[in-house]
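Asker: All residue numbers for the sequence shown refer to the working numbering, where the first residue is 4 and numbers rise by one.
Where a beta carbon is used, it is the ideal one built from N, C-alpha and C, also for glycine.
Here it is, the structure, as structure tokens.
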Amino acid sequence: MTQRGADPSSADIDAVYVFAVCGTRTPAGVAGLPGVPGGDAVGTLPFGELTAVVQTVRAADFTEEAWQARLSDRQQLERYARAHHHVVSAAAVAGPVVPLPLATLYHDEQRARSALAAEAARFRAVLERTADHAEWGVKVYSTGSGGADRPDPPSGPTVTPGRPTERTSRPTPGAGLAYLERKRGLRAEREQRQDAAIRAAETVDASFQKVAAAARRLRSHAPELAGDRRVQVLNATYLVAKDRTDELGRLARTLEESTGAQVELSGPWVPYSFVGEG
Numbered sequence: 004m005t006q007r008g009a010d011p012s013s014a015d016i017d018a019v020y021v022f023a024v025c026g027t028r029t030p031a032g033v034a035g036l037p038g039v040p041g042g043d044a045v046g047t048l049p050f051g052e053l054t055a056v057v058q059t060v061r062a063a064d065f066t067e068e069a070w071q072a073r074l075s076d077r078q079q080l081e082r083y084a085r086a087h088h089h090v091v092s093a094a095a096v097a098g099p100v101v102p103l104p105l106a107t108l109y110h111d112e113q114r115a116r117s118a119l120a121a122e123a124a125r126f127r128a129v130l131e132r133t134a135d136h137a138e139w140g141v142k143v144y145s146t147g148s149g150g151a152d153r154p155d156p157p158s159g160p161t162v163t164p165g166r167p168t169e170r171t172s173r174p175t176p177g178a179g180l181a182y183l184e185r186k187r188g189l190r191a192e193r194e195q196r197q198d199a200a201i202r203a204a205e206t207v208d209a210s211f212q213k214v215a216a217a218a219r220r221l222r223s224h225a226p227e228l229a230g231d232r233r234v235q236v237l238n239a240t241y242l243v244a245k246d247r248t249d250e251l252g253r254l255a256r257t258l259e260e261s262t263g264a265q266v267e268l269s270g271p272w273v274p275y276s277f278v279g280e281g
């Protein structure tokens, strides 16, 4: 569905940027929003019984070359992502929406209507499934210490730079066996922590699935990428009915106490993770 730009050499050609699809003909709160940088004010585009939230933008701003350059600029990409999310969130205040991916464009309104109408059945199914629901994120972190084996301290004499050692140390009888035993103990301890973390993650996931209408497991964030030294053992998202929101905080606290893991709850969000097929 995503089409970025028309003829990149034609700076005056416009394109239609689509943020989301709504079930109402007049979604309140979106008309006149600034939208993504460089475009006209946000408006609507009816097609059949549904309505798309759209913006007219310069096609030259969304050519493959322009968009690839933007993807390599973190600040620029975040600027567009925030603008996109702001419009989608505003549309969601009036009722359920189907958020579309960042930079979903069509060459003109007629092509946009035609392409969107072809997926009307899917849009209606998503709107029905997510009505009166919100997305909640749950992350679980292991509270155990890191599992990396630490090197043993040297058993020989300390060598001072510029001063030769006066004797050659000999290994203590049985030192090699003791070293192997320590390594085996560290490995067993690490495996026990990993097993406990996995059990905690499965317990948390199963408990939240009982409250949710749908759930998705996401890829866990590596500590070095997330800037967090904790070990993430679950990164999941749940579609929860709004009348069950009060249960989530209590459930997270109960699970922390019972599993010993750290449970982080975030939301409510527009259900981006649940716009795919069933």
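Give the C-beta separation of Ala215 and Leu242 to the nearest angstrom, bearing in mind that I take them to be a contact with Cβ-Cβ under 8 Å.
Answerer: So it is a contact: roughly 6 Å between Cβ atoms.
Asker: What are the start and end residues of the beta strand (DSSP E) that includes Val33?
Answerer: First-last for Val33: undefined, no H or E at that position.
Asker: Would Gln336 be called buried (16 or more neighbouring beta carbons within 10 Å of its own) or exposed?
Answerer: The chain is shown only over 4 to 281; residue 336 falls outside these bounds and no answer can be derived.
Asker: Excluding the 5 residues preceding and the 5 following Arg220 in the sequence, name in chain order all residues of the same chain whose CB lies nearer than 6 Å to its CB.
Answerer: Excluding residues within five positions, the ones whose Cβ falls inside 6 Å are Ala239.
Asker: Count the CB pairs spanning the stretch 242–260 and the stretch 113–126 that are closer than 8 Å, and state whether there are at least three.
Answerer: Touching, no.
Asker: How many Å lie between Thr27 and His89 at the Cα?
Answerer: Those two C-alpha atoms are separated by around 19 Å.
Asker: Thinking C-alpha only, which one of Val19, Gln212, Arg127, Thr206 is nearest Glu138?
Answerer: Comparing Cα positions, the closest option is Gln212.
Asker: I'd like the list of long-range same chain contacts for Asp10, defined as Cβ closer than 7 Å, with 5 residues on each side in sequence excluded.
Answerer: Only weak support is given to the placement of Asp10: the predicted model assigns it a pLDDT of 43, under 50, and the value that follows is read from those uncertain coordinates. Excluding sequence neighbours, Asp10 sits near Ile16.
Asker: Nearest-angstrom Cα distance between Val33 and Leu237?
Answerer: Those two C-alpha atoms are separated by around 35 Å.
Asker: Going by C-alpha to C-alpha distance, which of Leu53, His136, Ala97 sits closest to Tyr275?
Answerer: Answer by Cα proximity: His136.
Asker: Which whole runs of the alpha helix (DSSP H) in the stretch 68–128 are 4 residues long or more, in chain order?
Answerer: Here the runs fully enclosed are 77–95, 112–121.
Asker: Would you kindly work out how many angstroms separate the C-alpha atoms of Ser269 and Gly140, rounded to a whole number?
Answerer: Ser269 and Gly140: Cα-Cα distance of roughly 5 Å.
Asker: Where does Leu254 land, buried or exposed, given buried means 16+ other C-beta within 10 angstroms?
Answerer: So Leu254 counts as buried.
Asker: Taking the Cβ atom as the reference point for each residue, do Ala44 and Gly51 lie within a distance shorter than 8 Å?
Answerer: Cβ atoms of Ala44 and Gly51: not closer than 8 Å.
Asker: Does Leu251 come out as helix, strand or coil in the three-state DSSP assignment?
Answerer: Correct three-state label for Leu251: helix.
Asker: Excluding the 5 residues preceding and the 5 following Arg233 in the sequence, name in chain order all residues of the same chain whose CB lies nearer than 6 Å to its CB.
Answerer: If we look at Arg233 and ignore the five residues flanking it on each side, its Cβ neighbours are Tyr144.
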